[in-house]
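**Student:** Residue numbers (the working numbering), protein chains in the order written: chain F, 1 to 213; chain U, 214 to 426.
Number of protein chains: 2
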Amino acid sequence: MTKSTSSGWREARRESAREAIVDAAWRLARDEGLLIWSIRDLATQAGITTPTVYAYFDSKHAIYDAMFGQAATDFAESMARPYDVEGSREQLYAFAHRFFDFCASDVARYQLLFQRTIPGFTPTTEAYAPSVRALTHLKQVLADNGIAGEEHLDLATALVAGLVSQQISNDPGGDRWLRLVDEAMEMFLAHCQVLDGGRSLTSRTDLTTGVTR
Amino acid sequence: MTKSTSSGWREARRESAREAIVDAAWRLARDEGLLIWSIRDLATQAGITTPTVYAYFDSKHAIYDAMFGQAATDFAESMARPYDVEGSREQLYAFAHRFFDFCASDVARYQLLFQRTIPGFTPTTEAYAPSVRALTHLKQVLADNGIAGEEHLDLATALVAGLVSQQISNDPGGDRWLRLVDEAMEMFLAHCQVLDGGRSLTSRTDLTTGVTR
DNA sequence: GTCTATAGCTGGATAGAC
DNA sequence: GTCTATCCAGCTATAGAC
Numbered sequence: 001m002t003k004s005t006s007s008g009w010r011e012a013r014r015e016s017a018r019e020a021i022v023d024a025a026w027r028l029a030r031d032e033g034l035l036i037w038s039i040r041d042l043a044t045q046a047g048i049t050t051p052t053v054y055a056y057f058d059s060k061h062a063i064y065d066a067m068f069g070q071a072a073t074d075f076a077e078s079m080a081r082p083y084d085v086e087g088s089r090e091q092l093y094a095f096a097h098r099f100f101d102f103c104a105s106d107v108a109r110y111q112l113l114f115q116r117t118i119p120g121f122t123p124t125t126e127a128y129a130p131s132v133r134a135l136t137h138l139k140q141v142l143a144d145n146g147i148a149g150e151e152h153l154d155l156a157t158a159l160v161a162g163l164v165s166q167q168i169s170n171d172p173g174g175d176r177w178l179r180l181v182d183e184a185m186e187m188f189l190a191h192c193q194v195l196d197g198g199r200s201l202t203s204r205t206d207l208t209t210g211v212t213r
Numbered sequence: 214m215t216k217s218t219s220s221g222w223r224e225a226r227r228e229s230a231r232e233a234i235v236d237a238a239w240r241l242a243r244d245e246g247l248l249i250w251s252i253r254d255l256a257t258q259a260g261i262t263t264p265t266v267y268a269y270f271d272s273k274h275a276i277y278d279a280m281f282g283q284a285a286t287d288f289a290e291s292m293a294r295p296y297d298v299e300g301s302r303e304q305l306y307a308f309a310h311r312f313f314d315f316c317a318s319d320v321a322r323y324q325l326l327f328q329r330t331i332p333g334f335t336p337t338t339e340a341y342a343p344s345v346r347a348l349t350h351l352k353q354v355l356a357d358n359g360i361a362g363e364e365h366l367d368l369a370t371a372l373v374a375g376l377v378s379q380q381i382s383n384d385p386g387g388d389r390w391l392r393l394v395d396e397a398m399e400m401f402l403a404h405c406q407v408l409d410g411g412r413s414l415t416s417r418t419d420l421t422t423g424v425t426r
């Protein structure tokens, strides 16, 4: 696309400038709201001027897309980071907690990633990919607990999403729904295991001890 | 506040004009998004002009507040409408379904009522009141099922909120999470009943048969 | 690439005639 | 109460000098 692939340091310089702008955008989004900030604000926050912003991004939507991509990558990395707990059950608890914390600790990021709150904006499929990866990871954790159905995956995501949503909307900064994460997952597991019936208990144990795929 | 309380029909005329404006605002919010529409759009949609809008509302926020109040009233009425099903268990299912449908059938309304998505806007406590009433109603339905704890109420709201949230974000217009409402409530009830242990099973039965408060 | 300056619009809200 | 006409602030985005 650019003149050549040889001058890699130029690309790197450009990329780091882009990141500085995106970081400034995140600061504004967190302070003033995801939708409020203007390009002028952004330029000031980044210590440059408006036209310079346009030297790095074609439009405001392009900035949102970069923000989305960064957030999605952070999300995937955060979820994939090893869980230093024993047992598949505890893995699920840890996963749920990490998901919850990721969302609750940065509402603007949560809104951009998981709610469709920006008017004309839809993320590039490329920027969307990491989220899918994280979901696959949850699938694996569930499988380790002997839960395979597509519908149970949906139920699990709904459960955690609901706790997050209520926490953010009705007790921002508090822990009223955070405290319920473990109990909710316990409820979920009990439900799925009852559904499987007694016999599959053994095959589930097999999964836990042996297979990690 | 106004000249007198005698000329009630004048007040009524004024109120009906206000409602017409609010209705137009809802049409725009549903078509273009809760945040997109402008006072100019609104005036056109309502068949009047901008200054006329300001003859009935002091600001755009005042319009949002009227929208919120109307939506909250609709919500409370919708939830309180009698459920023609037998049994406390089925009451809970019906309640959850009605809540779900109320949210999923009008995303703009859901966003205004249950998410805090509008920049400087916070509803009047007066406009907020009906939502509290609906929550009290849920409390009663749970009590009829032998569930009293504050935390279980929170868990129930999180559960339904999560199903709604996922449905709206990831399968708008579909039924991927709608199909899980019954199962989710079943899971919830089983969980709460197990927690109570065997002895309180009787006292729960007492509640179901006897007390409605 | 970065600036100054500004175009071109659209927003909420208002003045003043009728 | 309703209109025409308009103010003014804010926005995204760009032109053109350096």
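Note that CB positions come from ideal geometry on N, CA and C, so glycine has one too.
#1: Of all the beta strand (DSSP E) runs that stay within the bounds of the stretch 14–83 of chain F, which reach a length of 3 or more residues?
#2: Excluding five sequence neighbours on each side, which residues of the same chain lie with their C-beta closer than 6 angstroms to the C-beta of residue 333/U?
#3: Run through DSSP, which three-state label would residue 328/U get?
#4: Going straight from the alpha carbon of residue 140/F to that of residue 44/F, what length do you get?
#5: Can you have a look at residue 276/U and say buried or exposed, based on whether 16 or more other CB atoms are within 10 angstroms of its CB?
#6: I need the boundaries of the alpha helix (DSSP H) containing residue 340/U, first residue and last residue.
#7: Does residue 343/U get closer than 8 angstroms to chain F when you measure Cβ to Cβ?
#8: Does the CB of residue 360/U have a neighbour CB from chain F at under 8 angstroms?
#9: Are residue 159/F and residue 375/U touching if we call contact CB-CB under 8 angstroms?
#10: If you draw a straight line from the C-alpha of residue 203/F to the C-alpha of residue 86/F, how long is it?
#11: May I ask you to verify whether the stretch 256–272 of chain U touches the stretch 324–333 of chain U, counting CB pairs closer than 8 angstroms and requiring at least 3?
#12: Taking residue 376/U as part of the alpha helix (DSSP H), name the residues at either end of that continuous run.
#13: Whole angstroms is fine: what's the gap from residue 131/F's alpha carbon to residue 382/U's?
#14: Whose CA, out of 32/F, 82/F, 84/F and 103/F, lies closest to the CA of residue 72/F?
#15: For residue 124/F and chain U, any beta-carbon pair shorter than 8 angstroms?
#16: For residue 36/F, does the count of other Cβ atoms within 10 angstroms reach 16, so buried, or fall short, so exposed?
#17: Could you list which residues in chain F have their beta carbon closer than 7 angstroms to that of residue 389/U, in chain order?
#18: By the criterion of Cβ-Cβ separation under 7 angstroms, what are the contact partners of residue 327/U in chain F?
#19: Using the C-alpha atoms, what's the distance from residue 191/F back to residue 403/U?
#20: Please go through the same chain and pick out, in chain order, the residues whose beta-carbon is closer than 8 angstroms to the beta-carbon of residue 171/F, but skip the five residues on each side of it.
#21: Classify residue 105/F as helix, strand or coil using the three-state DSSP reduction.
#22: Could you tell me whether any Cβ in chain F is nearer than 8 angstroms to the Cβ of residue 403/U?
#23: Under the three-state reduction of DSSP, which class applies to residue 401/U: helix, strand or coil?
#24: Tell me whether residue 300/U sits in a helix, a strand or coil according to DSSP, three-state version.
#25: Do you know offhand how far residue 267/U's Cα is from residue 253/U's?
#26: For residue 124/F, which residues of its own chain have a beta-carbon under 7 angstroms away from its beta-carbon, when the five flanking residues on both sides are left out?
#27: Please tell me whether residue 281/U and residue 340/U are closer than 8 angstroms, where the distance is taken between their beta carbons.
#28: Where does residue 309/U land, buried or exposed, given buried means 16+ other C-beta within 10 angstroms?
#29: Keeping to the same chain, check which residues put their C-beta closer than 6 angstroms to that of residue 360/U; ignore five residues upstream and five downstream.
#30: From this set, 291/U, 306/U, 305/U and 318/U, which residue's C-alpha is nearest residue 346/U's C-alpha?
#31: DSSP on residue 421/U, reduced to helix/strand/coil?
#32: Using only alpha-carbon positions, find the residue among 351/U, 335/U, 331/U and 246/U that is nearest to residue 303/U.
#33: Cβ closer than 8 angstroms: which chain F residues qualify as neighbours of residue 332/U?
#34: Alpha carbon to alpha carbon, how far is residue 166/F from residue 226/U?
#35: For residue 173/F, return the contacting residues in chain U, with the cut-off set at a CB-CB distance below 7 angstroms.
#36: For residue 24/F, which residues in the same chain have their Cβ closer than 7 angstroms to its Cβ, ignoring the five residues on either side in sequence?
**Tutor:** According to the structure shown:
#1: none
#2: none
#3: coil
#4: 45 angstroms
#5: buried
#6: 338–357
#7: no
#8: no
#9: yes
#10: Any reading at residue 203/F needs caution, since the residue's pLDDT is 44, under 50, leaving its predicted position unreliable; the model's value is listed next. Each residue's alpha carbon lies about 19 angstroms from the other.
#11: no
#12: 363–383
#13: 14 angstroms
#14: 103/F
#15: no
#16: exposed
#17: 154
#18: 169
#19: 8 angstroms
#20: 177
#21: coil
#22: yes
#23: helix
#24: coil
#25: 11 angstroms
#26: 65
#27: yes
#28: buried
#29: 405
#30: 291/U
#31: Note on residue 421/U: pLDDT 40, under 50, position unreliable in the model; no value is reported.
#32: 351/U
#33: 33, 35 and 36
#34: 40 angstroms
#35: Within 7 angstroms Cβ-Cβ: nothing; residue 173/F doesn't reach chain U, min ~13 angstroms.
#36: 42, 45 and 46
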